[in-house]
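Scroll down for the structure; my scribbles are underneath it.
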Amino acid sequence: MTVAQEFVTIIIPFADRTAWSPLRVADVERALCRIGNPVGPEIAAALDKTGIIHFLSLNVIRAAGEGQAPHLLIEATVDGPAAHGVNAIAQALGPALVPVLHMVTGLTGADDVAVLLHRHAHAITSGPLRWPGQAIGLPFCGTPGISVEMIRENQRVVGKVRELVGQDRLTHPESDALARLHRVAAALPAAERTVIDKPLAAPSFVDRPDAPWLTLGQSWGLATFARIAAYHWRLLAMLIGVPWLLLTLHLWRRHIGPVAASLTALAPALVVAGALVGIFAWLLRREEQANTPVDATPDPHALAAMLARENDPRHVQNHMISVTTLRPAAIRRLSLSVAFRAVATLIGTGLMRPGFLSTIGTIHAARWVRLPGTRQLVFVSNFDGSWESYLEDFIKKASEGVSAVWSNTAGFPRTTFLFRDGAADGDRMKRFARRSMQPTAAWYSAYPELSCGAIRKHALIVNGLRHTARVEAVASDAQAWLDLIGTVPRPATALQYDQIQAIAFGGMRRHRRSCMIAFDFGSAREPTAAAPHPFGHVQQWLADLHQRDLIVFGDRPLPTLVGNIAFSARGLARLGLDREVDGTAQGFPGVFASGMASEGRRRALGDPHSLDWSDAGIDAVLLLYARVTTDGEAQALFATEAANAERFGLSVRAALKTGLTSFDAQAFARRWHGGEDGAAAAAEAEAGAEAASDDEDNGDGLMVEPFGFVDGVSQPQVRGFPGTSDTPDPLHAIEPGEFILGYADNRGYFPPSPLVARPLDALGMAVQATLEAPVAHQPGGFPAFAEPGGPARDFGRNGSYLVIRQLHQNVAGFEAQLTEQAEALVAGHDATNPHPGSLARTREWIGAKMVGRWRDGSALVDHPLQPVLDDGQSALAANAFALGTSDPQGLRCPYGAHIRRAFPRDSLSPGDALGLAVTNRHRLLRRGRPYRDAEGRPAGTLFMCLNADIERQFEFVQQTWLAAPGFHGLEGERDPFALHAADGNTAPGTFSIPGRAGGCVLNGLARHVTVLGGGYFFLPGRAALRFLAGKPLRDAESAS
Amino acid sequence: MTKDEALAAAVALLERDGAPPLLRVPELEMASAPGVRVFVAARHAPITAILCDEGHFSLHHYDALLAQVAGPTRYLVGENDDNRKLRLALLRAAQRHVDSVRQPPAAPAGDGQPNLAPGYRDFIATIAREEAEAILTILRARNAAGVPINFVRDYAFLLAYRMARRVVGVPAPDSPRLLVRLLILLRNLTCPAPRVRLQGEAGTATTMLSLLLPLFGHVFGTVVQSSAFLRWLTTRTSARALAAFDLALAMPGLAPADSLLAGLDAVRGDFPAVSDADYRVQARSVLFELAGALVLIVGKSLAEIAGYATSPAGHAAGLDWDGLIARLAVDDPLRHQHDAVVNEALRLGSTSQLVRTVREACSWQGVDLGKGDRVLLLIDKGSRDPAAFASPERFAPATDRPYITSGPLQGPHVCYGRAIAWTILREGLLATRDRIVPVPAAAMTSFAGLPDTLPFTAA
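Chains as they are written, first to last, in numbering that gives the first Met the number 0: chain A, 0 to 1039; chain B, 0 to 458.
As structure tokens, then:
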């Protein structure tokens, strides 16, 4: 049960209608000012005592002209029927109102106040026709269904809850939201419990899956129009039905049968209805063109008087009153009603969230009302924050509605067809508004310290407590409830940093020494009552990792040793998700389940038949990153972790030592300037690379891959990731859902995420209590705690698919090939070569053409002839270049260059924003590192990337761009730089370098990259990892 | 010889060198009051001496005249008996309350009377400016619509009423009774346009003025006794006016919180020894007198100053409208110069007389006086006494220029409302600057002894 708020609008004309009425008006205003804005403590106490008045203001509206009466306007929002509100106002304000009413009407007795107020109370209607006693206007309530009593009780409860949460935070610092909610709810004192136990319905503004306002912003679909048509069926019936009926009767009288007459009349009736609408539009437009906007500065004295009454330090709210005069044209009577009806329709049909005007959620109560018998249109509003922010909200979020109403008044900025332009001219609209305003004489707020947001938040918190049992069943709901205490519920777009493994947010470049350890879980064990899971030893290992905080998530600084973990399909199946991996409707995708080494994927990727290791024989990979000074320290740490896993019964199937190598800009410069001795310099640079990698001060520098090119320059800028708070460039801005499950992707949809829709209690795994709700049931900004959720839980949430490929690189072969090709070009005096006299530069130029960047990362598009020769920072700073529009013919960056294949940007459809959007559907979040051989030398790249859809992202890039012989119109070419040599496809390749004189083609190119191992893995979120750890983790946490 | 001719002859004699300070004028005596002789004073020195000599000259005359028409109501202009002292105490207590309510600005309180304090005068000036501004806005709008501006009715008396309404806190009755309507009908029939209408706030001001006018004539125009008709008329109109004050006192919440009425209501507890009935009578007397003074005397003075400044006589004295406004516009925080301008304008432009009653038979400055004899003090004559004023016909405001228009500023009969009035006069005149101006050759007309019309127009 909720309490409806109603609007009390009392409009009392002054007895004095003479030209001297301003003097009486001034007297009344002074008397009202004595009541106070805000009202004095005595009157506030009297109004508080009513318990039903939310806001109340008293103002005098000056006469529009001689012979017309000024009006005393008393407006309030009250709980329950307006008539009760009038009585409450009379009772609370009676003695204070007598002097005012005496001056207005001659009233002298306090006993007569209620009668007088009732006599002049008006209901507000937005329709063009109204009953006596009604005034045309539009009321708007920002906190519908929440009574003053509820607001105060909720505030009290929330105060207690905050206190309890604070205490619980001290006693249970590591507690999760579920447990904290449980304890707080249990500890509530009886007085607050009484409030919780009231059988009240959920607030009307909470998120509901079928809420029409949630889809309004996305489309004005047929359903929306149908909803509006249903809301206005009477109007439509009149508009079409009356002409239809008249025409039918007319035809019937001409001896046409009733059925035929009615059918025949339908089309003309529609035409007539259309004509009526057209006439209205024409008359309105003509009237709009006749309007002369008044663009004058508000009177500074009047402005000062207003400001003197705004922004009371004890109030988070403000009040405004504006009085405007309707334009004299008759059509304005209708257009004003149309405007009111339009806004009322959005409210009445639920197309706006209850309590919100468009997306403006800072209005407590507002109303437009035309004073009966006058052309004066009054707008009064109780809103949060400053007037400036309030008006800006209107300008940016609801300018059409404001224009529709206010454009009917004299002097408003020019408007087109009632809704367009007008208020969109924000500065002039604000000037108009200020000119029309007057200082609020007397104003009362029942809860001056509460904003709309706070009231809603309190209602949500109490509603959550009211449904504790339901909220406790879903971790995300409990977290949303707890979020309400200290912040706001997480919007769907906000990342749960604490749930996402740290590798998603960065390459951990300060943890230069690293390794990958691939594990086999070993054989299943016989389940026991104490260890019901056949792979309980793996769960114990996971619990141990979790207990030791080795697996690091994105919510804390990186420790010395960082671990991230991912599971293959086989590993997840062994841990209990066998049906999800292989068969359930909403489980893992087939590409993941089948694995990278499966025949189908092998063919798509062009991989060799056999690999040294793959996901087919691997259950999990542990990625370890150490920030230590020496390699020995790092290896000791890594070995300890491997041994630890083995202690739990796991086996190491593969281990790769990885690490970062710094780019040596000076060596590259020497190579560039070194003429024919460049090769020797290059060798020196290679030798020095390992030493440079020990330089901790270079931790933030760009890294170099084994062939000697700066790597990691071009990465997606994922919205919401740390470090991307700046305005992202349109080229690289990517939604998190492209990489992290549970968030919207570039197209606004949530990527499919593996669900668990069955109990796994027999394995000691708590599906309901540990995993979060699927996206559809994730709490939004206004969680519906009372709404029952589905049984399925989202295993994939905050996780990602991790692709790992061990790519061996033949550095010597690659360098030798560059030299060989350079010598040929120099010898042949090829006109395409800009450095025909320098073998070293020709060599670098060929390498740059293959990659699309120089070794220092500088892009060929911007630097086609020579590198910048820095440490790569220039490349980082200038990564927003376009390829298609900047270099449509590939004259600078060849079509076949690695970076053009890996991420074509706009190259495939130059100048087309849609083309760029298509390209960005295939972005990869690369987290690879060079790996080293047994001697510690760079031996290749452990390619790693995160994606939400392996087929659409990694495999697409690999197959359709990098390896496609016909990419970008090329013929029989493949990526000359990074593509591996697959089984049966080791034939020498070609590489076209376009040029003005026909360019040149490098023939006989061998590939120097070989895939040795890899697989598809799932990088789980924290909740999923805890879920996999199952009973052992719960037992361990209970014990601690 | 008529009374006026006799009076003129007496004045002529009094103004001669070596003339006695007082001269008996039998034509002013009345057969209905045998034994009461009437003496006249027209020179500055004897007038001032008589006003300051309460040992020989009493104000019982005013008490008696009020008793004839207004029951127990008394003015501060009366004998300094216990009731008068109570009324004065009430007034000061009320003003203390007002001072606490009005949140006085930083202006100094001054060492003297609270009503003379610069802070209080600033408060009054603020109200006066507000009211004047509001009225002038209306007048300019009406004038733009073709309605002429009558400075006297539309501004001077309206502003005066509005100030009384706010400072004292008692409104006039909203609906004028028959007597008032007849009076205005008479005025409209006998006086030139524009007609006076009893509508709106201007009509309310006129109603109040009309109700007070007979009493004003009865009390301040009577030397020995007034006519039976005037007493009847005054009784009726005073009763009506006093009813408004009774209503206001019964409903103090209707008054502005910073008004004297609200103050009197608030300080009731400070006078526990005074019975409710007596408190009510004395409070009503105070309010009635002050309201009357503001409505009638301030309005009249404002109109007279304007009339004089726009008249040929004023021009001959060296005063014109623009010059008057310019003199009042000078920066003068303590208002001494402003007051001097008002003093001087009233000295030349206003007429008034005061009456004293001889307490006991005596010889005063060589003139034998009997108990109960009346002394008529011709203030406007004394104000032009060359013995006291250098170039008495010239407008020459100066802070050391003597002034006697409404009595001394010290002693029991200090004029409580004078500072208020002077403040209103200054602000009321100054507010017209650049807003309204006299029409060319504007001339003031009178009705029933009061200014009636003075045509102005929007600037």
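Heads up, the beta-carbon is just placed ideally off N, CA and C, and yes, glycines get one too.
Assigned exposure category for residue i - 16 Cβ within 10 Å defines buried
| i | result |
| --- | --- |
| A686 of chain A | Unreliable placement is indicated for A686 of chain A, whose pLDDT of 41 sits below 50; no coordinate value is reported for it. |
| N310 of chain A | exposed |
| G711 of chain A | buried |
| I564 of chain A | buried |
| P80 of chain A | exposed |
| E28 of chain A | buried |
| Q888 of chain A | exposed |
Any chain B beta carbon closer than 8 Å to residue i
| i | result |
| --- | --- |
| V97 of chain A | yes |
| A304 of chain A | no |
| L71 of chain A | no |
| R29 of chain A | yes |
| T324 of chain A | no |
| H119 of chain A | no |
| A18 of chain A | yes |
| D15 of chain A | yes |
| T107 of chain A | yes |
| L22 of chain A | yes |
| H1056 of chain A | No answer is possible for residue 1056 of chain A: it lies beyond the span of chain A, which begins at 0 and ends at 1039. |
| A441 of chain A | no |
Below-8 Å beta-carbon distance, residue i vs any chain A residue
| i | result |
| --- | --- |
| L408 of chain B | Residue confidence for L408 of chain B is low, a pLDDT of 45 falling below 50, so the modelled location carries little weight and cannot support an answer. |
| E343 of chain B | no |
| A238 of chain B | no |
| E426 of chain B | no |
| I378 of chain B | no |
| M250 of chain B | yes |
| T136 of chain B | yes |
| P255 of chain B | yes |
| A133 of chain B | yes |
Continuous beta strand (DSSP E) stretch holding residue i: start and end
| i | result |
| --- | --- |
| V39 of chain B | V37 to A40 |
| V590 of chain A | From DSSP, V590 of chain A is part of no beta strand (DSSP E) but of the alpha helix (DSSP H) over G589 to S593. |
| S837 of chain A | S837 of chain A -> no beta strand (DSSP E), and no H or E assigned at all. |
| R931 of chain A | R928 to R931 |
| S1037 of chain A | Element bounds for S1037 of chain A: not the beta strand (DSSP E) but the alpha helix (DSSP H), R1021 to A1038. |
Range of the contiguous alpha helix (DSSP H) that encloses residue i
| i | result |
| --- | --- |
| G202 of chain B | G199 to F219 |
Next item on the list: Count the C-beta pairs between the region 759-770 of chain A and the region 441-458 of chain A that are closer than 8 Å, then say yes if the count reaches three, no if not.
Entry: no
Next item on the list: Identify every run of the beta strand (DSSP E) within the region 8-95 of chain A, keeping only runs that are complete inside it and at least 3 residues long; order them along the chain.
Entry: 52-60 and 70-78
Margin query: As an exercise, report each continuous beta strand (DSSP E) stretch of at least 3 residues that is fully enclosed by the region 130-154 of chain A, in chain order.
Written below: 133-140
Note to self: Report the start-end ranges of each alpha helix (DSSP H) in the region 70-145 of chain B that is 4 residues or longer and not cut off at the edges.
What the structure shows: 81-100 and 117-143
Notebook entry, point to check: Are the region 278-288 of chain B and the region 436-448 of chain B touching by the rule of at least three beta carbon pairs closer than 8 Å?
Noted result: no
Margin query: My parser needs the alpha helix (DSSP H) runs of 4 or more residues fully inside the region 195-272 of chain A; what are they?
Written below: 211-215, 221-230, 232-235 and 241-252
Next item on the list: Would you list, in sequence order, the uninterrupted beta strand (DSSP E) runs of no fewer than 3 residues that lie entirely inside the region 715-780 of chain A?
Entry: none
Check: Going along the chain, which unbroken runs of the beta strand (DSSP E) with 3 or more residues stay wholly within the region 355-382 of chain B?
Finding: 361-363, 366-368 and 373-377
Next item on the list: Could you tell me whether the region 321-340 of chain A touches the region 373-388 of chain A, using the rule of 3 or more Cβ pairs below 8 Å?
Entry: yes
Checklist line | the region 490-505 of chain A in contact with the region 221-241 of chain A per 3-pair CB rule at 8 Å | finding: no
Notebook entry, point to check: Got a sec: which bits of the region 184-207 of chain B sit with their beta carbon under 8 Å from any beta carbon on chain C, in order along the chain?
Noted result: In the displayed structure, chain C is absent; the protein chains listed are A and B.
Next item on the list: Count the C-beta pairs between the region 841-861 of chain A and the region 896-905 of chain A that are closer than 8 Å, then say yes if the count reaches three, no if not.
Entry: yes
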